[in-house]
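A.B. asks: I have a structure here, written as structure tokens, and I will follow up with some questions on it.
In our numbering, the protein residues as written are 1 to 193.
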């Protein structure tokens, strides 16, 4: 709004100082309204600018991801998991082979802490089983110095011990298991009478 428009509009007011005061008040109020609208416009422009930069960033990521080979990533992750699983399984098998060498230990981990792991060697056979060397000599020293860690003297007899289950298991019949279960549960043979 221009001052000349207001002066022409308000020329009916004869007192010039009153007319000037009214025109100044209208111009000031109009300026305040314009400044408020400018601030809203600037805020909206900034918001649009931020959103546009976010859109541009997301579009860039989309273009980068379009070039990804998901099948290759899946295969790589599968192979990595398989390799880690194989390593963990190998460590498990090594540990079991080592445990079989340390018989009669009350606390396997405590006995292991007394051994020099650098001297322990593992060899894998064609079946994937491990044999352990470098333990026997160390175990002799551990048994001498820390005999309380072991239940008894190691069994040097490598033959398998016979497990006695009780009863006659040489010629079982199919009814033997059922009869044994019935006896264990206290079921009478009333159904057959």
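Don't be surprised by glycine CBs; every beta carbon is placed ideally from N, CA and C.
The model shown is predicted, which means the values in this text are computed figures rather than measured ones.
Would residue 6 pass as a contact of residue 26 if the rule is Cβ separation under 7 Å?
C.D. replies: A contact, by the Cβ cut-off of 7 Å.
A.B. asks: Is residue 130 helix, strand or coil by DSSP?
C.D. replies: Strand at residue 130.
A.B. asks: At what residue ranges does the region 88-125 contain a whole run of the alpha helix (DSSP H), taking only runs of 4 or more?
C.D. replies: Runs of the alpha helix (DSSP H) inside the region 88-125: 108-113.
A.B. asks: Which class does residue 159 belong to by DSSP, given the choice of helix, strand or coil?
C.D. replies: In this predicted model, residue 159 has a pLDDT of only 45, less than 50, meaning its place in the structure is not dependable enough to derive any value.
A.B. asks: Of all the options 95, 128 and 45, which has the alpha carbon lying nearest to the alpha carbon of residue 108?
C.D. replies: Among 95, 128 and 45, the Cα nearest to that of residue 108 belongs to 95.
A.B. asks: Considering only C-alpha positions, which residue in the set 117, 141 and 145 is nearest to residue 132?
C.D. replies: Nearest of 117, 141 and 145 to residue 132, Cα basis: 117.
A.B. asks: Reducing DSSP to helix, strand and coil, say where residue 8 ends up.
C.D. replies: Residue 8 falls in the helix class under three-state DSSP.
A.B. asks: So, at 7 Å on beta carbons, what are the nonlocal neighbours of residue 114 in its own chain, with the 5 sequence-adjacent residues on each side left out?
C.D. replies: Same-chain partners within the cutoff: 142 and 146.
A.B. asks: Quick check on the DSSP output: the alpha helix (DSSP H) that includes residue 43 runs from which residue to which?
C.D. replies: That run of the alpha helix (DSSP H) goes 16-66.
A.B. asks: What are the boundary residues of the alpha helix (DSSP H) that includes residue 136?
C.D. replies: Residues 136-145.
A.B. asks: Between the alpha carbons of residue 13 and residue 51, how many angstroms are there, rounded?
C.D. replies: For residue 13 and residue 51, the distance between alpha carbons rounds to 52 Å.
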